[in-house]
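Scroll down for the structure; my scribbles are underneath it.
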Amino acid sequence: MSELSFDIAFTIAMILMLLGAFFSLSAVIGLVRFPDFLTKIHAVSVSDSLGVPLILLGLMVLSGFNLITLKLFILIILIFITGPMVVMELGNYYVTKQTDGADDDADE
Amino acid sequence: MIAVVCYLLILCILIGTIYLLAAKSIFIKILTFGYLNNIIIAFISLYALFTNNFSYLDVALIYAILAQVSTIIIVKYMRGRK
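As given, the protein sequences belong to chains A and B, one line each in that order. Residue numbering for the first sequence follows the numbering used here, beginning at 481 and increasing consecutively. Residue numbering for the second sequence follows the numbering used here, beginning at 10 and increasing consecutively.
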């Protein structure tokens, strides 16, 4: 990789990683500040589907095209599939429990 | 720039850990736990690439599989339990 193309790749990677870190931070701020559980889920799912994958995408751009890129790609796919699945299961469970009228303390 | 990304991720982990310990609801605890898992995976990957220590990438991969699957299993178990 020449010097110029490495600089361009580094800049793109940094932008992607900064965006990912920003989305992750906004997710944790939403997690703390939002009032009830369903809105907290909304905040956290941003990190699952956008924050962490953007950071890993930035690392992929930085590492070039090799076995590390493949591992990072598998990691992105894994997080992209299982993260929203966890949040959906949790949301379903919460709604089911609310519908049943069971006593719970989800809203602080 | 890399340091900024690292600082932001560490801040996320710190706030998430404090909130995990402070939250009263089990729903919010599990949600925060899942969020923290994702951020830790990103942080381990970042560490692996910037220290050229690529075996940590395998650690991140295995950690991701175990953490996500275990979280799903916990939620499924709690749903099934009456």
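Ideal Cβ placement from N, Cα and C applies to all residues, glycine included.
One question on the structure: do residue i and residue j come within less than 8 Å of each other, judged by their Cβ atoms?
i	j	result
Ser-109(B)	Leu-536(A)	Since the displayed chain B opens at 10 and closes at 91, residue 109(B) lies outside it and no answer follows.
Ala-76(B)	Ala-57(B)	no
Glu-569(A)	Ile-37(B)	no
Ser-529(A)	Ala-507(A)	no
Ile-556(A)	Pro-533(A)	yes
Ile-22(B)	Ile-48(B)	yes
Leu-558(A)	Ala-73(B)	yes
Gly-581(A)	Leu-518(A)	no
Val-84(B)	Val-575(A)	no
Phe-42(B)	Leu-30(B)	no
Going by C-alpha distance, which of the options is nearest residue i?
i	options	result
Arg-90(B)	Tyr-573(A), Ile-561(A) and Leu-555(A)	Tyr-573(A)
Thr-491(A)	Val-541(A), Ser-482(A) and Val-524(A)	Val-541(A)
Gly-563(A)	Ala-523(A), Gln-578(A) and Val-575(A)	Ala-523(A)
Cys-15(B)	Val-78(B), Ile-35(B), Thr-41(B) and Thr-60(B)	Thr-60(B)
Asn-46(B)	Ile-71(B), Ala-31(B), Ile-11(B) and Ala-12(B)	Ile-71(B)
Ile-19(B)	Phe-52(B), Val-78(B) and Ser-79(B)	Phe-52(B)
Val-13(B)	Ile-561(A), Lys-577(A) and Ile-495(A)	Ile-495(A)
Gln-578(A)	Ala-489(A), Ser-525(A) and Asp-516(A)	Asp-516(A)
Near residue i, which residues of its chain fall below 8 Å by C-beta distance, leaving aside the five closest residues on each side in sequence?
i	result
Gly-520(A)	Reading off the sequence shown, one finds Lys at residue 520(A), where the question assumed Gly. The answer, listed in chain order, is Gly-510, Leu-511 and Phe-514.
Might you give, ordered along the chain, the residues of its own chain that have their beta carbon closer than 6 Å to the beta carbon of residue i, omitting 5 neighbours on each side?
i	result
Leu-539(A)	Leu-552
Met-87(B)	none
Classify residue i as buried or exposed, calling it buried when 16 or more other Cβ atoms lie within 10 Å of its own Cβ.
i	result
Met-497(A)	buried
Ser-485(A)	exposed
Ala-493(A)	buried
Ile-4(B)	For residue 4(B) there is no data in the structure shown, the boundaries of chain B being 10 and 91.
For residue i, which residues in the same chain have their Cβ closer than 7 Å to its Cβ, ignoring the five residues on either side in sequence?
i	result
Gly-531(A)	Gly-500, Phe-503, Ser-504 and Ala-507
Ile-66(B)	Reading off the sequence, residue 66(B) comes out as Leu, not Ile. Cβ neighbours of Leu-66(B) beyond the five flanking positions: Ser-54 and Ala-57.
Tyr-44(B)	Gly-25
Phe-429(A)	What the structure shows of chain A is the stretch from 481 to 588, and residue 429(A) is not part of that stretch, so it cannot be assessed.
Leu-3(B)	This structure cannot speak to residue 3(B), because chain B is shown only from 10 to 91.
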